[in-house]
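J.: Quick one: structure below, then a few questions.
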Amino acid sequence: MKPTTSIRRRLTAPIIGALLLFFIVDAASLYRNTLASVHTAYDRTLLASAKAIGETVSFGNGKLTVLLPYAALEVFEADTRSRMVYRVNDFDGNFVSGYASLPPHQGRVPQTTAYSALVEFYEDVYEGETVRVAALLQPVFTSSGYKMVTVQVAETLELRRSLAQQALLNSSIRQALLTLVLSCVIWWLISDGLKPISQLRQALLERSPDALSPFNTRTSRELLPVVEALNELMERLRRVLDNQQRFVRDASHQLRTPLAVLKVQVQNAREGHGSPAAALAELDQSVDRATRVANQMLSLAKVAQLDEQGVDSQSPVNLIEIAREIAVECSPLISQKRLDFALDTQGENLDILGIHDWMIRELLRNLLGNAIHYTPINGSLGIAIDAQASVIEMTVWDSGNGITDQQFSQLFQPFSTGDPVHGSGLGLLICRDICRAMNAELKLHNRKAVNWFDPREVSASGLLAVVRLPRTLPIEVAQA
Numbered sequence: 002m003k004p005t006t007s008i009r010r011r012l013t014a015p016i017i018g019a020l021l022l023f024f025i026v027d028a029a030s031l032y033r034n035t036l037a038s039v040h041t042a043y044d045r046t047l048l049a050s051a052k053a054i055g056e057t058v059s060f061g062n063g064k065l066t067v068l069l070p071y072a073a074l075e076v077f078e079a080d081t082r083s084r085m086v087y088r089v090n091d092f093d094g095n096f097v098s099g100y101a102s103l104p105p106h107q108g109r110v111p112q113t114t115a116y117s118a119l120v121e122f123y124e125d126v127y128e129g130e131t132v133r134v135a136a137l138l139q140p141v142f143t144s145s146g147y148k149m150v151t152v153q154v155a156e157t158l159e160l161r162r163s164l165a166q167q168a169l170l171n172s173s174i175r176q177a178l179l180t181l182v183l184s185c186v187i188w189w190l191i192s193d194g195l196k197p198i199s200q201l202r203q204a205l206l207e208r209s210p211d212a213l214s215p216f217n218t219r220t221s222r223e224l225l226p227v228v229e230a231l232n233e234l235m236e237r238l239r240r241v242l243d244n245q246q247r248f249v250r251d252a253s254h255q256l257r258t259p260l261a262v263l264k265v266q267v268q269n270a271r272e273g274h275g276s277p278a279a280a281l282a283e284l285d286q287s288v289d290r291a292t293r294v295a296n297q298m299l300s301l302a303k304v305a306q307l308d309e310q311g312v313d314s315q316s317p318v319n320l321i322e323i324a325r326e327i328a329v330e331c332s333p334l335i336s337q338k339r340l341d342f343a344l345d346t347q348g349e350n351l352d353i354l355g356i357h358d359w360m361i362r363e364l365l366r367n368l369l370g371n372a373i374h375y376t377p378i379n380g381s382l383g384i385a386i387d388a389q390a391s392v393i394e395m396t397v398w399d400s401g402n403g404i405t406d407q408q409f410s411q412l413f414q415p416f417s418t419g420d421p422v423h424g425s426g427l428g429l430l431i432c433r434d435i436c437r438a439m440n441a442e443l444k445l446h447n448r449k450a451v452n453w454f455d456p457r458e459v460s461a462s463g464l465l466a467v468v469r470l471p472r473t474l475p476i477e478v479a480q481a
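This is the structure:
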């Protein structure tokens, strides 16, 4: 698959682009500032030439005369890239001397602090070419006193622009070399900074398919969340594979015996051993046991799957409604043994968030199924739900014989059962895994040991299965 983006390019391109933009703006600013400096330098020379021309203006015999010295224009005419023209206007703005095609100055000449003269610098067009003009008011003594004549000296801008462009070219060459060097340095630094990603990629490629050990977390701070997420993923994969391997191992172990028994019973029925009715009854029991084992194995697998997936929904689960539904579901078995069933609730708000209703159903189904199985005919059993401040306590009790100390240590082991003839040993294992997935606590007690009894009973024999569910489940349990 061809990559659509590159982190190296995404990091390098904006930085180099910003450098280029900075250099372009800097070059434009440099050109403008250089041109302004050239204007300042050459404007002073332009003013000096205008003053020199103004000093040659005199009034006599009722008219103005201008004696222009050649030295006044030599400074400009020495460079072939620049050309200078001038114009002198009389007191009324009429042309007196110079180049008549040079546009006369319009408006007033302001007094400025930059120059000790009444002068204005501006740009105008002369014979289709832009020129820089200095307009100077020169006082001339007449018979009626001093009057002002206007002396204009204009210069073409080719020389000034050429000097500014040369400065820009020199600066641009330096900036281009600097940009190239900085780009190489930035590319190298970013490539060096991305080395941990390449190292992580190489570590992933070199791993064997069955290697699920965590990665080394001694890496860069920016890459650490990725490594931690990979380690979490590896741990989840390890649990999934462990569950799959355990499921296959347990299924092959537990289903082998019922299937072998079925085969023997079918063979005996073919050979005519015993009555057909007895053979069918044995086959029916064997099929029931194999079906029960298969269903419980599937339940174990589903518990592991739901534990990994978590619960996305935050819909409340009502425990009393589920308890009633499970009781109705098990009512044929309860009626078959003529058992007295009780459902008791205490407290308010029996809703709980952050759990899967299938887990609660499967938990109660297995606990109540065990209670029905181990309760003698005409016995009693029930479900008690107590809503407390921080937990909800569910108790499934029966009036059987309870369990011994030896059985206590083996109850949660796979295929360990108090009734090796009719039990598979998976019911309590399913209940334990469900409670772990819900962050709940499951404990078994003999009723006599804890002095727990139902007022409707004469004796207090039997077993208690107590599940304590926290009202607020941790985030990692409620949402994966």
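Each residue of the sequence shown is one higher than the one before, starting from 2 at the first, in the numbering used here. Using N, Cα and C, we set each Cβ at its ideal position, and we do this for glycine too. Given the structure is predicted, the values throughout are model-derived calculations rather than measurements.
Could you name the residues of the same chain whose beta carbon sits closer than 7 angstroms to that of Leu138, not counting the 5 residues immediately before and after it, in chain order?
T.: The residue you call residue 138 lines up with position 137 of the sequence shown. So the qualifying residues of the chain are Val110, Leu119, Met149 and Thr151.
J.: When burial is assigned at 16 or more other CB atoms within 10 Å of the CB, is Gly348 buried or exposed?
T.: On the sequence shown, residue 348 is found 347 positions in, with the first residue counted as 1. Classification of Gly348: exposed, given that the 10 Å Cβ count is below 16.
J.: Start and end of the alpha helix (DSSP H) containing Lys196?
T.: Reading the sequence shown from its first residue, position 195 is the one you call residue 196. That run of the alpha helix (DSSP H) goes Lys196 to Glu207.
J.: Label Leu65 either buried or exposed according to how many other C-beta atoms from any shown protein chain fall within 10 Å of its C-beta, with 16 as the threshold for buried.
T.: In the sequence shown, counting from the first residue as 1, residue 65 sits at position 64. Answer is buried; the Cβ neighbour count reaches 16.
J.: Keeping to the same chain, check which residues put their C-beta closer than 6 angstroms to that of Glu394; ignore five residues upstream and five downstream.
T.: For the purposes of this step, residue 394 is identified with residue 393 of the sequence shown, where counting begins at 1. The answer, listed in chain order, is Asp387 and Arg469.
J.: Is there contact between the stretch 45 to 52 and the stretch 123 to 131, where contact requires at least three CB pairs shorter than 8 angstroms?
T.: no
J.: Is Asn62 near the ligand MG, going by C-beta to nearest heavy atom under 8 angstroms?
T.: What this structure holds is no ligand at all, so the ligand MG is not there to describe.
J.: Taking buried to mean at least 16 other C-beta atoms within 10 Å of its own C-beta, is Ile378 buried or exposed?
T.: Counting from one through the sequence shown, the residue named residue 378 turns up at place 377. With fewer than 16 Cβ atoms within 10 Å of its Cβ, Ile378 is classed as exposed.
J.: Let me confirm a value: Arg10 is counted as buried when at least 16 other C-beta atoms fall within 10 Å, else exposed. Which label applies?
T.: Mapped onto the sequence shown, residue 10 falls at position 9. By the neighbour-count rule (16 or more Cβ atoms within 10 Å), Arg10 is not buried but exposed.
J.: Can you find at least 3 beta carbon pairs, one from the stretch 36 to 48 and one from the stretch 221 to 229, that sit closer than 8 angstroms?
T.: no
J.: What does the alpha-carbon distance come out to for the pair Val132 and Pro15?
T.: Walking along the sequence shown from the start, residue 132 turns up at place 131. Walking along the sequence shown from the start, residue 15 turns up at place 14. Approximately 42 angstroms, taken between the alpha carbons.
J.: Could you tell me which whole alpha helix (DSSP H) segments of length 4 or greater appear in the stretch 355 to 382?
T.: 358 to 375
J.: Evaluate Cys432 with the Cβ neighbour count: other Cβ atoms within 10 Å of its Cβ, from every protein chain shown; 16 or more gives buried, anything less gives exposed.
T.: Stepping through the sequence shown from its first residue, residue 432 is reached at position 431. Result: buried.
J.: Could you tell me the distance, in whole angstroms, from the CA atom of Gln337 to the CA atom of Ile373?
T.: By one-based count along the sequence shown, residue 337 stands at place 336. By one-based count along the sequence shown, residue 373 stands at place 372. Going from the Cα of Gln337 to the Cα of Ile373 covers about 10 angstroms.
J.: Whole angstroms is fine: what's the gap from Trp398's alpha carbon to Ala466's?
T.: Within the sequence shown, numbered from 1, the residue matching residue 398 stands at position 397. Within the sequence shown, numbered from 1, the residue matching residue 466 stands at position 465. Answer to the nearest angstrom: the Cα atoms are 6 angstroms apart.
J.: Could you tell me whether the stretch 343 to 357 touches the stretch 314 to 328, where touching means 3 or more Cβ pairs closer than 8 angstroms?
T.: yes
J.: Assuming Val228 and Leu201 are in contact, meaning their beta carbons sit under 8 angstroms apart, how far apart are those beta carbons, in whole angstroms?
T.: Taking the sequence shown and counting its residues from 1, the one referred to as residue 228 is at position 227. Taking the sequence shown and counting its residues from 1, the one referred to as residue 201 is at position 200. With 8 angstroms as the limit, Val228 and Leu201 qualify as a contact, their Cβ atoms being about 7 angstroms apart.
J.: With a 10 Å radius around its C-beta and 16 neighbouring C-beta atoms as the bar for buried, classify Val154 as buried or exposed.
T.: By 1-based counting over the sequence shown, the position of residue 154 is 153. By the neighbour-count definition (other C-beta atoms within 10 Å, threshold 16), Val154 is a buried residue.
J.: What is the DSSP secondary structure of Pro140, reduced to helix, strand or coil?
T.: As a first step, residue 140 must be located in the sequence shown, where it is residue number 139. DSSP places Pro140 in strand when its eight states are reduced to three.
J.: Are Arg362 and Ile327 touching if we call contact CB-CB under 9 angstroms?
T.: In the sequence shown, the residue the question calls residue 362 occupies position 361. In the sequence shown, the residue the question calls residue 327 occupies position 326. Against a cut-off of 9 angstroms, the Cβ pair of Ile327 and Arg362 comes out as a contact.
J.: Taking Cβ to Cβ, would you say Tyr87 is nearer than 9 angstroms to Ser102?
T.: For the purposes of this step, residue 87 is taken as residue 86 along the sequence shown, with counting starting at 1. For the purposes of this step, residue 102 is taken as residue 101 along the sequence shown, with counting starting at 1. No, the pair does not count as a contact, with Cβ atoms beyond the cut-off.
J.: Here's the rule: buried if 16 or more other CB atoms are within 10 angstroms of the residue's CB, otherwise exposed. What is Val459?
T.: Numbered from its first residue, the sequence shown carries residue 459 at position 458. Any reading at Val459 must be qualified, since the residue scores a pLDDT of 47, below 50, and its modelled position is unreliable; no value is offered.
J.: What residue does the beta strand (DSSP E) around Gln347 start on, and which one ends it?
T.: The count along the sequence shown starts at 1 and reaches residue 347 at position 346. Start and end: Asp341 to Gln347.
J.: So, for Phe342: in the same chain, excluding its five sequence neighbours on each side, which residues have a beta-carbon less than 7 angstroms away from its beta-carbon?
T.: Here residue 342 refers to the residue found at position 341 when the sequence shown is read from its first residue. Correct list, in chain order: Ala328, Ile335, Leu382 and Gly383.
J.: Is it the case that the Cβ atoms of Ala165 and Tyr32 are separated by a distance below 9 angstroms?
T.: Here residue 165 is taken as the residue at index 164 of the sequence shown, counted from 1. Here residue 32 is taken as the residue at index 31 of the sequence shown, counted from 1. In this structure, Ala165 sits near Tyr32, with a CB-CB distance shorter than 9 angstroms.
J.: Does the beta-carbon distance from Leu284 to Ala270 come in below 9 angstroms?
T.: The count along the sequence shown starts at 1 and reaches residue 284 at position 283. The count along the sequence shown starts at 1 and reaches residue 270 at position 269. Going by C-beta atoms, Leu284 is nearer than 9 angstroms to Ala270.
J.: Which residue marks the beginning of the beta strand (DSSP E) containing Ser276, and which one marks its end?
T.: The residue you call residue 276 lines up with position 275 of the sequence shown. Counted as a single uninterrupted DSSP element, the stretch harbouring Ser276 is not any beta strand (DSSP E), since DSSP gives it neither H nor E.
J.: Which of the three DSSP states, helix, strand or coil, is assigned to Tyr43?
T.: Taking the sequence shown and counting its residues from 1, the one referred to as residue 43 is at position 42. Of the three classes helix, strand and coil, the one that applies to Tyr43 here is helix, per DSSP.
J.: Given Leu238, which residues of its chain have a CB within under 7 angstroms of its CB, disregarding the five upstream and five downstream residues?
T.: Counted from its first residue, the sequence shown places residue 238 at position 237. Closer than 7 angstroms at Cβ, skipping near neighbours: Leu213.
J.: Taking the alpha helix (DSSP H) that Arg325 belongs to, which residues open and close that run?
T.: What you label residue 325 is simply residue 324 of the sequence shown in a count that begins at 1. Unbroken alpha helix (DSSP H) run through Arg325: Leu320 to Glu330.
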